[in-house]
Every structure is written in structure tokens, then in C-alpha cells.
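Student:
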Amino acid sequence: MAPVLPDGSTVEVTPRKIYVPGDVIAFTAPNGSLRVHRVLGYHRDRSGWKLVTKGDNAAWIDPPVGLNRVLGCVHGGAYHRVSLRQRCSAVAMYLRKSARSLWRRLARRS
Amino acid sequence: MSFGCEFLNCPELFPARRAGEPWGNELLTIDFAGARYQCSGLGHDQLEVISDRFESYRVKDVTPPGQVEIRFHHAGENDFRRFPLRGWDYHLDLDYQPYGVRVAGLELMGLLEWRSDLAGAVWTSALDSDRFCEVFENFLRVVAQYRLLASRALLVHSAALVIDDEAYLFPGRSGAGKSTLSRLAVANHWQVLSDELNAVSLRGGTAYVQQVPFAGDFGRTSRSNQSFPLAGILALKQAATDTVDPLSVPHALGVLLSCTPFVNLDPFRRERAQSVLEQIASQHVAYVLTFSLAGELAALDRLTAKKRV
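These protein sequence lines are chains A and B, in that order. Heads up, the first sequence is in the numbering used here, so the first residue is 1 and it goes up one at a time. Heads up, the second sequence is in the numbering used here, so the first residue is 1001 and it goes up one at a time.
This is the structure in C-alpha cells:
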């Protein structure tokens, strides 16, 4: 989440039942490292529901994150409140991703 | 420790040839840094997640000559060792051979061969899309490094900044300060190509830097396929002051070689990699950039301003 949260920042994390687009969450990556990225939406595959996340400055969306790997929602510390603009931007990014995914499926079928 | 013991239950059963049961029939072709990679044997979910990850690098599935084929196969969960990942630093185990390279990693067995052209195969038990993406990306890094080497280019662990349409390369291994430098550069409104890996290629005696899809948290430009001429190599050193000091060619070569993953340990292909890096190091000025965490890259600013004058 650099430059908002530089590497090595200390943050507070609170587990939640539901995460909404725009929330910044901490989770463990498949390689065991800790990551803090923003939630864009949800993704369902054969192993269940997962979160779609992305770093604010990253060029691409992360692989979907299993809910069992989410530590919680980040707040406090160097992080400020999530603004409405950030939430709208997360939703817009998720809709773009979903549209691309739908387009790919249609292209494969045809 | 012999090859694969850390990751595989039976390393002696490592596949001898590129064959096996594919995950599915899906195909994906990606293109970056002047090379194409055709990935086949993917399942539907795997294709979806890889397509999202490499969206801006996808191209139509055509088969031009020189394309690298990578086939994905199913492997049993019992083939791989399980161990706690907390505090574990991700790495791969590579076995260099004259005919190719064997790769073992977390839920990953990979084989890279030079039969007629470069071709790869992966065996994994990673069903979850996130775990599969990790396997895919880590093997692709190895394949890309060898494919680039064939065309006198290399992936270098580095941050790269673009200032006045020229690239400055900051090679450094993990913890050297690449992300810190990138953060300071973004604050200075400089374009960051990547804070993790960049492709450096030699064309007509000039080195160019290009973004690859292995950027870290920086590298916001979704796809910058443009090559930027290399203006300077700056080894990183964190200290309380901001200075730029000259670096000799042998030292610059040493820094570059230590930051060139996979091939720098390959006894069969290291010489070629070294010759590419020698040419890059000898043709470009190299410095040691000392910067502080709270600094504003004042020394680098002065250096680039001097160049402009």
C-alpha cells in the first residue's frame, strides 16, 4: 500500500465478518508474507468465496485472497479513514475487472 | 542438501520429461520485454486468475517463431512437502544442467529445457487460484530470465526510475532500499518502472530498461512497453546523508551480477550473462547512491540536473 503505508509500518488490525470495497485489509500471501491491500470485491471459485484486492499503486489485481487468510481490516496508525471516493474507485475497478472477465468468457465461447 | 529435498517428498521421482495430465485445455499467451510465452494446460479458474494478473500483457494466441511454450500439469498433493510458512523467505531450488534447469519450490516442480527451442513444463498441486498464481509467476520469472538471456537481455533485481525519458537503474537485493527509494521517487513525481525486477537489454551497443510484469507495489503505469535508454547505474546504500559517489566498472559488474537472479549461479550459462553485464557496466557510468529514509533524494536530483545542463 505504499506510499500510503510504507513497508514496515505498524498498523492496527481488526477482524470483521464482512469486508466491503474500499476497506484496507491485512492478509497472509500464499508464500507466508504479510500484505496490506485494498478490497475491490468478491470472487467465487471452486474452493469458495474470496476477496479481490489490489495495492493502490500496484499495476495489477492480486490473486483472490481466501477469507481464511485475512487477518482483518486495517485502521489507525499511519492509515486514515477510507473516503467515499476511495470506495467508489474500488467499486469501479472491480466492475472493470468483472466486465473484462465476462468479455473473455464470451470471446472463448464464440 | 540435494536438489528438491526442501520442497519435494520424493525428489528422485522428479519428472524426467515434459509430460503429464494437464489441468485443462485453456491457453494463454503473454508478451513482455520482446518475448512471448504461450501457457497451455490451464484450467478455467486458473486461466481467469492468470488473465486478471497479466491482463495488460495478454496477446492473441498465435504461434510466432521463438515463442516459449510452458505446459501446466497436475501433480498429487503428496508429491510436495508441507511446512509452516511463517517467517519463511520465499525461494526456489534450482538444479542447473547442460540441457536445462530443474526447479523445485512451494507446490512447484518445473523443468526448463533447450531441445530445439526453450520450453518449460510445470507440475503443481495448487488448486486454489491464489496458490496457483504464485506458482505460475515464480516459474515464469525463471523462464523469462533464460529467454531474455538468449536475446542479450537480463532481468535485474532493481528499482528503475525514468527521469527525462532516460532510465536510472538501482540494483539491489532484498532489503537494499529499492522500495524506499521508489517511495521517495514517487513523492518527487518521478516515474517508477518497478521496485522489484526490470529487464535490461542490449541493442546496438546501447542498454535499454523495460518494465516487466514482476513490479512490486510501485510501477503504477499499467503497461509501459516502452524501452528507456539506460542513463546510469546506481548501487544503493542507506545512510544519514544524501551523496552520489562514482563506482568502478568491476564493482558495478559485481553489483549487477549479484542482482541477476538464477543465471548468476548457473555454471553453464553464467558466462553469457556476465558478458552482457560487462558490456552494460563498461558503457554506463555507475555510482553509489547514499540516501536517508527521511531524505528527498537530493543527491540524485543534483546528478540528473547536472546531466540536463
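Virtual Cβ for every residue (Gly too), placed ideally from N, Cα, C.
Quick check: is the beta carbon of Trp1123 (chain B) nearer than 7 Å to any beta carbon in chain A?
Tutor: Judged by the 7 Å Cβ criterion, Trp1123 (chain B) is not in contact with chain A.
Student: State the DSSP-derived secondary structure class of Trp60 (chain A), mapped to helix, strand or coil.
Tutor: Here Trp60 (chain A) sits in coil by DSSP.
Student: Could you check what DSSP says for Leu1303 (chain B) in three-state terms: helix, strand or coil?
Tutor: Helix, per DSSP.
Student: Select from B:Val1142, B:Ser1129, B:Leu1256 the residue whose C-alpha is nearest the C-alpha of Leu1169 (chain B).
Tutor: Ranking B:Val1142, B:Ser1129, B:Leu1256 by Cα distance to Leu1169 (chain B) puts B:Leu1256 first.
Student: Counting Cβ pairs, one atom from each stretch, are 3 or more of them under 8 Å apart for the region 85-93 of chain A and the region 1012-1027 of chain B?
Tutor: No, because fewer than three Cβ pairs between the region 85-93 of chain A and the region 1012-1027 of chain B fall closer than 8 Å, the two stretches do not touch.
Student: For Thr1290 (chain B), count the other beta carbons within 10 Å of its own beta carbon; 16 or more makes it buried, fewer makes it exposed. Which is it?
Tutor: Buried, since its Cβ has 16 or more Cβ neighbours within 10 Å.
Student: Rounded to the nearest angstrom, what separates Leu1027 (chain B) and Leu1193 (chain B) at their Cα positions?
Tutor: Cα-Cα distance, rounded: 28 Å.
Student: What does DSSP give as the partner residue(s) for Val1109 (chain B) in the beta ladder?
Tutor: The amino acid at residue 1109 (chain B) is misidentified as Val; the sequence shows Met. Beta-bridge pairing links Met1109 (chain B) to B:Ala1104, B:Trp1123.
Student: From Leu1108 (chain B) to Lys97 (chain A), what distance separates their C-alpha atoms?
Tutor: C-alpha separation (whole angstroms): 28 Å.
Student: Tell me, please, whether the region 1161-1175 of chain B touches the region 1240-1259 of chain B by the rule of three or more beta-carbon pairs shorter than 8 Å.
Tutor: Enough Cβ pairs lie closer than 8 Å, so yes.
Student: Would you kindly report the start and end of the unbroken beta strand (DSSP E) that includes Leu1184 (chain B)?
Tutor: From DSSP, Leu1184 (chain B) is part of no beta strand (DSSP E) but of the alpha helix (DSSP H) over 1178-1187.
Student: Using the C-alpha atoms, what's the distance from Arg1058 (chain B) back to Asp1052 (chain B)?
Tutor: Their Cα atoms are separated by approximately 10 Å.
Student: Strictly under 7 Å for the Cβ-Cβ distance: is Asn31 (chain A) near chain B by that measure?
Tutor: So yes, Asn31 (chain A) belongs to the interface.
Student: With H, G and I counted as helix, E and B as strand and the rest as coil, what does DSSP make of His43 (chain A)?
Tutor: His43 (chain A) falls in the strand class under three-state DSSP.
Student: Could you tell me which of A:Gly66, A:Met1, A:Gly72 sits nearest to Arg1131 (chain B), measuring between CA atoms?
Tutor: Of the listed residues, the one whose Cα sits closest to Arg1131 (chain B) is A:Gly66.
Student: Determine the chain B residues that contact Val65 (chain A) at a beta-carbon separation under 9 Å, and present them in chain order.
Tutor: Under the 9 Å cutoff, chain B gives Asp1130.
Student: Quick one: Cα of Trp1123 (chain B) to Cα of Phe1072 (chain B), how far?
Tutor: Distance between the alpha carbons of Trp1123 (chain B) and Phe1072 (chain B): 6 Å.
Student: Please classify Arg1036 (chain B) as buried or exposed, where buried requires at least 16 neighbouring CB atoms within 10 angstroms.
Tutor: The residue is buried, with at least 16 neighbouring Cβ atoms inside 10 Å.
Student: To the nearest whole angstrom, what separates the beta carbons of Glu1278 (chain B) and Ala1231 (chain B), a pair I think is in contact under 8 Å?
Tutor: Not a contact, Cβ separation roughly 19 Å.
Student: Residues of chain B with CB under 9 Å from Arg100 (chain A), in chain order?
Tutor: Under the 9 Å cutoff, chain B gives Ser1051, Asp1052, Glu1055.
Student: Quick check: the Cα distance between Arg108 (chain A) and Val74 (chain A), rounded to an integer number of angstroms?
Tutor: C-alpha separation (whole angstroms): 39 Å.
Student: Once DSSP output is grouped into helix, strand and coil, what is the label at Glu1134 (chain B)?
Tutor: Reduced to three states, the DSSP call for Glu1134 (chain B) is helix.
Student: Could you name the residues of chain B that Asp45 (chain A) contacts, counting a contact when the two beta carbons are closer than 7 Å?
Tutor: Simply Asp1045, Ser1129.
Student: Can you find the residues in the same chain that come closer than 7 Å, C-beta to C-beta, to Ala29 (chain A), ignoring five residues on each side of it along the sequence?
Tutor: Same-chain partners within the cutoff: Arg35.
Student: By Cβ distance below 6 Å, which residues in the same chain neighbour Ala1104 (chain B) in space, the five residues on each side in sequence not counted?
Tutor: Closer than 6 Å at Cβ, skipping near neighbours: Gly1004, Phe1007, Leu1008, Asp1093.
Student: Contact between the region 1196-1203 of chain B and the region 1136-1156 of chain B: three or more CB pairs below 8 Å?
Tutor: Touching, per the Cβ criterion.
Student: Mapping DSSP to helix, strand and coil, what is Asp1052 (chain B)?
Tutor: Reduced to three states, the DSSP call for Asp1052 (chain B) is helix.
Student: With a CB to CB cut of under 7 Å and the five nearest residues on each side skipped, what residues in its chain are close to Ala1119 (chain B)?
Tutor: Hits under 7 Å: Arg1018, Val1068, Glu1069, Glu1113.
Student: Is the region 1240-1252 of chain B in contact with the region 1076-1084 of chain B, if contact means three or more CB pairs nearer than 8 Å?
Tutor: As far as the Cβ criterion goes, the region 1240-1252 of chain B does not touch the region 1076-1084 of chain B, which means the pair count is below three.
Student: Of the residues B:Gly1041, B:Glu1012, B:Gly1034, which one's Cα is nearest the Cα of Ala1025 (chain B)?
Tutor: In the sequence under discussion, the amino acid at residue 1025 (chain B) is Asn, which differs from the Ala named in the question. Residue B:Gly1041 is the option with its Cα nearest to Asn1025 (chain B).
Student: Rounded to the nearest angstrom, what separates Glu1137 (chain B) and Ala58 (chain A) at their Cα positions?
Tutor: Their Cα atoms are separated by approximately 16 Å.
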